[in-house]
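Chains as they are written, first to last, in the working numbering: chain A, 1 to 417; chain B, 418 to 507; chain C, 508 to 688. For glycine and all other residues, C-beta sits at the position ideal for the given N, C-alpha and C. Here is the structure we will look at, set down as structure tokens.
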Ligand SMILES: Cc1cc2nc3c(=O)[nH]c(=O)nc-3n(C[C@H](O)[C@H](O)[C@H](O)COP(=O)(O)OP(=O)(O)OC[C@H]3O[C@@H](n4cnc5c(N)ncnc54)[C@H](O)[C@@H]3O)c2cc1C
Ligand SMILES: [Zn+2]
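Structure, rendered in structure tokens:
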């Protein structure tokens with residue numbers, strides 16, 4: 001089934017009876033050429049590009065819950081390519097280019113909206129850092145515009161420009177940044193993979209990884225054993241548990257990140273805006289809800305729910321920046337489990353076990369990475385060599401200290417990135 | 418989440434700062450070699466369940482605490498003073 | 508040398524009365540932090556008794572009386588509020604006289620006002636007279652003590668004086684408004 005405007009009109013006029021399920025619900029086979037553990041954004045895009053780019057179609061995605069029930073359906077949907085360090089910048093640049101062609105490629109409306117991101121700064125030092133980051137982005141071939149205070153005022157008149165404690169000096173504007181509908185991204189990749197023959201197996205938890213003589217031979221699941229010579233672990237916040245099945249101890253700590261949404265309002269916030277002096281960022285969904293968040297709760301957690309002090313902190317920061325949001329009623333808050341790495345950057349690499357691959361460490365920025373992560377993970381699993389834009393996402397960078405990608409310079413502490 | 422500080426009694430989570438796994442109390446020997454140090458600095462058990470971690474009673478008594486906490490339920494099972502834990506700061 | 512004018516932290520901000528609650532600034536002759544060295548705790552406590560008639564406080568407690576009080580302020584440390592102290596052997600001492608904002612919150616609704624500013628259990632049977640806590644006061648790290656039936660002492664760093672008064676004022680207004688309903 002292909003989506004088109006014509007099809008929508010025809011279905012609208014005939015009672016919407018002609019739609020078919022977006023993907024099959026197959027029984028797991030006893031053997032595949034490759035298995036991807038985890039049906040989040042990264043697992044589904046990995047499967048899609050394994051099939052599309054590498055012709056591997058006898059593969060399965062094993063998901064313990066339902067597709068898109070993890071972080072990919074819980075994030076605040078910001079898509080950007082404004083990284084500073086070589087290693088990150090080429091990867092996210094590649095990802096943004098994939099985003100720009102994604103809807104056409106998937107024939108799926110992921111509501112990718114390049115509404116622009118403005119990272120505010122509030123001091124001379126922050127301005128210098130923003131200018132430097134902007135230059136790095138331009139060098140990478142992406143876009144960045146340094147706005148002064150008046151430039152920001154023109155675009156974001158609703159900010160509190162009179163705040164003496166956190167004066168607004170300007171902002172780094174990234175016009176190609178924006179948002180996308182998070183679960184539509186998961187669904188689009190799922191449908192694309194399924195159409196190419198990939199088995200998407202839900203309610204199928206991996207409980208063990210079979211290894212013989214240093215080679216992976218398959219997995220144990222709640223729906224029986226499945227053999228495969230290649231297995232990718234793509235389970236975000238659950239990376240520690242799944243890797244432990246292969247006897248590995250990862251440089252990952254799992255932390256909870258919260259997000260919040262208000263009642264639907266008329267269009268008021270046209271961009272993605274981030275506060276430079278407190279943990280707060282915001283955008284407005286197409287339904288009208290103000291979607292905002294801040295930092296992680298700072299302690300290890302698998303609870304998928306956060307604590308009130310962090311909610312209070314985020315809302316206080318928001319009120320400081322744009323007091324008008326105090327009039328909005330908050331509808332919901334939720335949490336997701338982040339795979340925090342020691343330098344805040346991800347890992348896409350082989351492991352010491354032949355045929356076992358690792359994709360983790362996305363911290364709270366893995367949604368925008370979904371296309372490039374799948375692209376590079378598929379490349380790695382199919383060819384056994386890292387893709388050039390993900391070549392620095394090595395697991396051994398922590399051991400050697402070479403090639404650490406610490407964007408914020410906070411040092412090796414998982415919860416500070 | 419409230420942490421029962423041995424000095425101050427039960428206090429709100431916002432008075433405390435989280436440091437991470439209490440393995441920080443078992444600092445390896447300086448000559449232990451790169452594998453041991455890499456493991457100590459970067460790798461974590463990261464359990465879904467009970468774990469021991471270091472918290473600092475920042476706006477309270479300023480003591481370091483070893484908190485046994487469940488990462489799934491956020492239940493707190495035990496709180497000890499890090500200074501009283503064997504091997505702490507050796 | 509020029510004689511500088513001494514200005515208290517809450518100069519121009521206090522006193523303030525809203526409803527049944529009043530905040531006043533307290534000026535101490537001296538504020539000294541006192542931290543006994545290992546093994547010197549009782550000797551230091553005895554020396555303190557000699558100098559100001561009050562022992563070194565136990566955790567979460569105060570000793571002494573108004574203008575000659577010692578309040579526990581963290582692990583192995585107390586703040587002595589009132590008389591300037593002569594050096595006490597066996598203890599680290601620091602003059603912090605100008606480092607703190609000290610106010611008294613008094614009146615029928617004082618506890619309700621505080622309840623809006625700290626997550627502490629303030630019920631009279633739990634937080635009794637002579638009790639103290641290092642805790643958050645409107646997100647500022649501070650020292651809180653109950654010095655009377657309806658009287659509390661609050662301390663935050665000097666630079667936070669205006670914020671403390673601002674937060675107290677808002678809390679006092681809310682409590683007074685509630686009272687009128
Ligand atoms: C509140 C919040 C806001 C965020 N905001 C942004 C943002 O604005 N921009 C951005 O770029 N990123 C953001 N992120 C981060 C982003 O969502 C994640 O980095 C990314 O989704 C993680 O990859 P994933 O989609 O593959 O993870 P998930 O969707 O969590 O996928 C992992 C899957 O693995 C499955 N799984 C786990 N264990 C097993 C097992 N044993 N067997 C089988 N399956 C298993 C899980 O059920 C899950 O479905 C945010 C995250 C949160 C929580
Ligand atoms: Zn304490």
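Other residues of its chain near residue i: CB distance less than 6 Å, five sequence neighbours each side excluded
i: residue 305(A); result: 335
i: residue 39(A); result: 61, 63 and 67
i: residue 427(B); result: 419 and 421
i: residue 507(B); result: Reliability of the predicted coordinates at residue 507(B) is poor, the pLDDT of 45 falling under 50, and the value obtained from them is presented with this limitation in mind. For residue 507(B), where only same-chain residues beyond five positions count, there are no Cβ hits under 6 Å.
i: residue 291(A); result: 76, 261, 283 and 285
i: residue 535(C); result: 588 and 589
Host beta strand (DSSP E) of residue i (start-end)
i: residue 292(A); result: 289 to 300
i: residue 357(A); result: 356 to 360
i: residue 264(A); result: 253 to 264
i: residue 212(A); result: 206 to 212
i: residue 599(C); result: 598 to 602
i: residue 614(C); result: 607 to 614
i: residue 652(C); result: 647 to 655
i: residue 537(C); result: 537 to 543
i: residue 345(A); result: No beta strand (DSSP E) contains residue 345(A), which DSSP labels as neither H nor E.
i: residue 467(B); result: 467 to 473
Sub-8 Å separation of residue i and residue j beta-carbons
i: residue 68(A); j: residue 210(A); result: no
i: residue 375(A); j: residue 169(A); result: no
i: residue 78(A); j: residue 62(A); result: no
i: residue 93(A); j: residue 25(A); result: no
i: residue 140(A); j: residue 95(A); result: no
i: residue 82(A); j: residue 59(A); result: no
i: residue 531(C); j: residue 610(C); result: yes
i: residue 474(C); j: residue 583(C); result: A question about residue 474(C) goes unanswered here, because the residues of chain C that appear run from 508 up to 688.
i: residue 639(C); j: residue 569(C); result: yes
i: residue 196(A); j: residue 378(A); result: no
i: residue 442(B); j: residue 499(B); result: yes
i: residue 526(C); j: residue 637(C); result: no
i: residue 516(C); j: residue 653(C); result: no
For residue i, the three-state DSSP class (helix, strand or coil)
i: residue 194(A); result: helix
i: residue 502(B); result: coil
i: residue 680(C); result: helix
i: residue 13(A); result: helix
i: residue 667(C); result: helix
i: residue 228(A); result: coil
i: residue 517(C); result: coil
i: residue 589(C); result: strand
i: residue 174(A); result: strand
i: residue 638(C); result: strand
i: residue 312(A); result: helix
i: residue 580(C); result: strand
i: residue 74(A); result: coil
i: residue 329(A); result: coil
i: residue 57(A); result: coil
i: residue 220(A); result: strand
i: residue 688(C); result: coil
i: residue 32(A); result: coil
i: residue 415(A); result: helix
i: residue 660(C); result: strand
i: residue 338(A); result: strand
i: residue 373(A); result: helix
i: residue 445(B); result: coil
i: residue 489(B); result: coil
Nonlocal neighbours in the same chain, by C-beta distance under 7 Å from residue i, ignoring five residues either side
i: residue 251(A); result: 341, 342 and 398
i: residue 19(A); result: 11
i: residue 622(C); result: 629
i: residue 433(B); result: 420, 472, 473, 474 and 475
i: residue 136(A); result: 84 and 89
i: residue 161(A); result: 153 and 168
i: residue 429(B); result: 419
N- and C-terminal bounds of the alpha helix (DSSP H) containing residue i
i: residue 42(A); result: 41 to 54
i: residue 554(C); result: 548 to 559
i: residue 622(C); result: 617 to 622
Minimum length 4: unbroken alpha helix (DSSP H) runs contained in the region 96 to 170 of chain A: Here the runs fully enclosed are 124 to 139 and 149 to 155.
Contact set between the region 250 to 270 of chain A and chain E, restricted to residues whose Cβ is under 7 Å from the partner: Considering every chain present, this structure includes no chain E. Its protein chains are A, B and C.
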